[in-house]
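Here's the structure we're looking at; comments come further down.
Number of protein chains: 2
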Amino acid sequence: MKKVGEPAPKDRLLRAAAALLAESNGEPVSTRQITEAARVTAPTLYHHFGDKEGLFDAVVAEGFSEYLDAERGLPTSGQPIEDLRMHWDNHVQFGLDHPHLYLVMFGNIRPERRPSMVASAEAFLEEVLARAAAAARLVVSPREAARSMLAANIGVTLMLIAEPAAKRNLELSAMTREAVISAVATDSEGDPTTDTEGTPSVVVAAIALNAALQSSHPDQLSSSELKLFLEWLQRISSRSGS
Amino acid sequence: MKKVGEPAPKDRLLRAAAALLAESNGEPVSTRQITEAARVTAPTLYHHFGDKEGLFDAVVAEGFSEYLDAERGLPTSGQPIEDLRMHWDNHVQFGLDHPHLYLVMFGNIRPERRPSMVASAEAFLEEVLARAAAAARLVVSPREAARSMLAANIGVTLMLIAEPAAKRNLELSAMTREAVISAVATDSEGDPTTDTEGTPSVVVAAIALNAALQSSHPDQLSSSELKLFLEWLQRISSRSGS
DNA sequence: TAGCACCTATAGCACCGTTATATGAACTGC
DNA sequence: GCAGTTCATATAACGGTGCTATAGGTGCTA
Chain A
0 MKKVGEPAPK DRLLRAAAAL LAESNGEPVS TRQITEAARV TAPTLYHHFG
50 DKEGLFDAVV AEGFSEYLDA ERGLPTSGQP IEDLRMHWDN HVQFGLDHPH
100 LYLVMFGNIR PERRPSMVAS AEAFLEEVLA RAAAAARLVV SPREAARSML
150 AANIGVTLML IAEPAAKRNL ELSAMTREAV ISAVATDSEG DPTTDTEGTP
200 SVVVAAIALN AALQSSHPDQ LSSSELKLFL EWLQRISSRS GS
Chain B
0 MKKVGEPAPK DRLLRAAAAL LAESNGEPVS TRQITEAARV TAPTLYHHFG
50 DKEGLFDAVV AEGFSEYLDA ERGLPTSGQP IEDLRMHWDN HVQFGLDHPH
100 LYLVMFGNIR PERRPSMVAS AEAFLEEVLA RAAAAARLVV SPREAARSML
150 AANIGVTLML IAEPAAKRNL ELSAMTREAV ISAVATDSEG DPTTDTEGTP
200 SVVVAAIALN AALQSSHPDQ LSSSELKLFL EWLQRISSRS GS
């Protein structure tokens, strides 16, 4: 019978640690800060988590389960390739939403002590890819495809986190995503801008056009028109809305 | 007039720090260990580097310059795409050779304090890609291509470092490398988004996007925006020469 | 009420990064 | 040659850190 307004010390420790880690910009957080914020003394921490590292591991584990829940919560569109895009974007978004947590989860992996949850993330992505494979859309094994996609996804997210939020260019994500997907999956019959149902992929075509416009500006559009045009193009190719 | 057998304390500190960081498997290394290994007392460290972090930054900076030297030392084969593969593989190899250093260099980047050397690495890769662009083998701008390639390269290397050396599968690297390269560059002839000169064809890409939009309307644009967008697209597609 | 887990607090240890102060060494101008 | 200056190193200590030996509640079962 707990009072509702007052979570147990263990929970308060977890929350305090998570909050302090998220605020304090990557600088180390002391156990004293945490225990004070949780209104608890030192031995309580060590009773519940054994270690400072144990507490942080618990925070990371919670982060992973939040991430995996979000991934599993995504709908299945019936178009496997489209699902891949969705999961990729969701991964990036999670990283941008929880940058410090993400750095510990995916950027800091020590060889031997690697969180097993990364393997879960990989396994889940593999499931999504297995659906693509079932639709005969994969040109490599789901396992290899999952590893490659996850690696690229992490690299892109780390790079986006590393640069100031203001000048973040999400097209890096869209572009790399399409690169990996098109290497791993086949766009049905031959046409690189068309997917299974024969419906042309707007995103792929938009990215191609955007790329082409980088090196050669059309003279049919005024510079102000071009500016707006490129903005829309960006919007289409990053599919952040939806 | 230095004795040859005895490097200056500053150098000894640097070497000791680098060695201890490399050995001690990612666990924190104390200033006392370092100063003891360098046969030096604490104030010497602070005189030369100001800070523990300053010392570690110096180690990282040395790592970066070693990396960049290796990159710049690679020969130019005359085949830009082949060069890209070589630089990619060299990056991965550097990460596997100095895993802990690599983690600090590329896996640990804090947004504000990001080492400027990462930008140098990016800039160098951009130079290599500029050569590919000059050979009319690029379908996106060198800058975007460099960012995408570097991001994927880092992601793959981190993933390889994270798994036990025994079961490392380098094919993950090769596969992802080819994915990114083929999305960024064209294998000489035959690419539908590339015209004879090898420069990306805005017209072809615009036509493809136009076609794609016929059957699937993006929800990122309002209907009035879409109308104008399609009109401009038409104008670009019907371009005569150039 | 007694016993028994469980959880929490007091007080302190050993270590850490860091520095105020002092000492030595090497070069300068005279 | 020697005072003055500057650079490089050492002694000793301070406050903060992760952690724990020990002891004190607290609620449960008997």
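Protein sequence lines, in the order shown, are assigned to chains A and B.
Once you know that position 235 of the first sequence is 234 in numbering that gives the first Met the number 0, the rest is easy, because the numbers rise by one and skip nothing.
Once you know that position 131 of the second sequence is 130 in numbering that gives the first Met the number 0, the rest is easy, because the numbers rise by one and skip nothing.
Just so it is clear, CB atoms sit at the ideal spot from N, CA and C, and this is done for glycine as well.
When the Cα of B/W231 is compared with those of A/E224, A/Q233, A/R234, which residue comes out closest?
Of the listed residues, the one whose Cα sits closest to B/W231 is A/E224.
Identify whether A/A37 lies in helix, strand or coil by the three-state DSSP scheme.
Three-state result, A/A37: coil.
Assign A/G49 to buried or exposed, taking buried as 16 or more other Cβ atoms, counted over all protein chains shown, within 10 Å of its Cβ.
Its Cβ having fewer than 16 others within 10 Å, A/G49 is exposed.
Just checking my contact of A/A205 with B/L208 at CB under 8 Å: how many whole Å lie between their CB atoms?
About 6 Å; that satisfies the 8 Å criterion.
For the segment 56-125 of chain A, list the alpha helix (DSSP H) runs that are entirely contained and at least 4 residues long, ordered along the chain.
Entirely contained in the segment 56-125 of chain A, the alpha helix (DSSP H) runs reaching 4 residues are, in chain order, 79-96, 98-101.
To the nearest whole angstrom, what separates the beta carbons of A/S242 and A/V117, a pair I think is in contact under 8 Å?
Given that chain A is displayed from residue 0 to residue 241, the structure contains no residue 242 of chain A and the question cannot be resolved.
Three or more C-beta pairs closer than 8 Å, one from the segment 129-146 of chain B and one from the segment 89-109 of chain B: is that the case here?
Judged by Cβ distances under 8 Å, the segment 129-146 of chain B makes no contact with the segment 89-109 of chain B, as fewer than three pairs qualify.
Determine, using beta carbons only, whether A/N89 comes closer than 9 Å to chain B.
Judged by the 9 Å Cβ criterion, A/N89 is not in contact with chain B.
Please name the residue in B/L13, B/N24, B/L12 whose C-alpha comes closest to that of A/R112.
When each option's Cα is compared against that of A/R112, the closest is B/N24.
I'd like to know if B/R14 contacts chain A, where contact means its C-beta is closer than 9 Å to some C-beta of that chain.
By this cut-off, B/R14 is not an interface position.
Which same chain residues end up closer than 8 Å to A/Q219 when comparing Cβ atoms and leaving out the 5 residues on each side of it in sequence?
Cβ neighbours of A/Q219 beyond the five flanking positions: none.
Helix, strand or coil: which one does DSSP assign to B/L220?
It is coil, neither helix nor strand.
Say whether the segment 34-50 of chain B touches the segment 118-134 of chain B, bearing in mind that this needs 3 or more beta-carbon pairs closer than 8 Å, one atom from each stretch.
No: the two stretches stay apart, fewer than three of their Cβ pairs being nearer than 8 Å.
Chain A beta carbons: is any one of them nearer than 9 Å to that of B/T185?
B/T185 does not count as touching chain A.
What are the boundary residues of the alpha helix (DSSP H) that includes B/D10?
Here the alpha helix (DSSP H) through B/D10 covers 8-22.
Do the CB positions of B/I33 and B/A21 come within less than 9 Å of each other?
No, the pair does not count as a contact, with Cβ atoms beyond the cut-off.
Give a yes or no on whether the minimum CB-CB distance between A/A7 and chain B is below 9 Å.
No, because no Cβ of chain B sits closer than 9 Å to the Cβ of A/A7.
Quick check on the burial criterion: 16 or more other C-beta atoms within 10 angstroms. Buried or exposed for B/P27?
Burial call: exposed.
Considering only their Cβ atoms, is the gap separating A/L137 from A/V183 smaller than 9 Å?
Against a cut-off of 9 Å, the Cβ pair of A/L137 and A/V183 comes out as a contact.
Can you tell me the Cα-Cα spacing of A/Q233 and A/Y66, whole angstroms?
A/Q233 and A/Y66: Cα-Cα distance of roughly 27 Å.
Quick one, which of B/M85, B/R176, B/A165 has its alpha-carbon nearest B/S76's?
Answer by Cα proximity: B/M85.
Where does B/A184 fall in DSSP's three states?
Residue state, collapsed to three classes: strand.
Buried or exposed: where does A/E70 fall if 16 or more other Cβ atoms within 10 Å of its Cβ makes it buried?
With 16 or more other Cβ atoms within 10 Å, it is buried.
Taking CB distances under 9 Å as the criterion, tell me whether B/T195 reaches chain A.
Reliability fails at B/T195, whose pLDDT of 41 lies under 50, so the model's placement of it is uncertain and the value that follows must be treated cautiously. Answer no: the Cβ-Cβ gap between B/T195 and chain A never drops below 9 Å.
Let's see if you can read the secondary structure: which residues bound the alpha helix (DSSP H) around A/V155?
Looking at the DSSP string, the run of the alpha helix (DSSP H) that includes A/V155 is 141-161.
With a cut-off of 8 Å, do at least 3 Cβ pairs link the segment 156-171 of chain B to the segment 149-159 of chain A?
The segment 156-171 of chain B, when compared against the segment 149-159 of chain A, does touch it at the 8 Å Cβ threshold.
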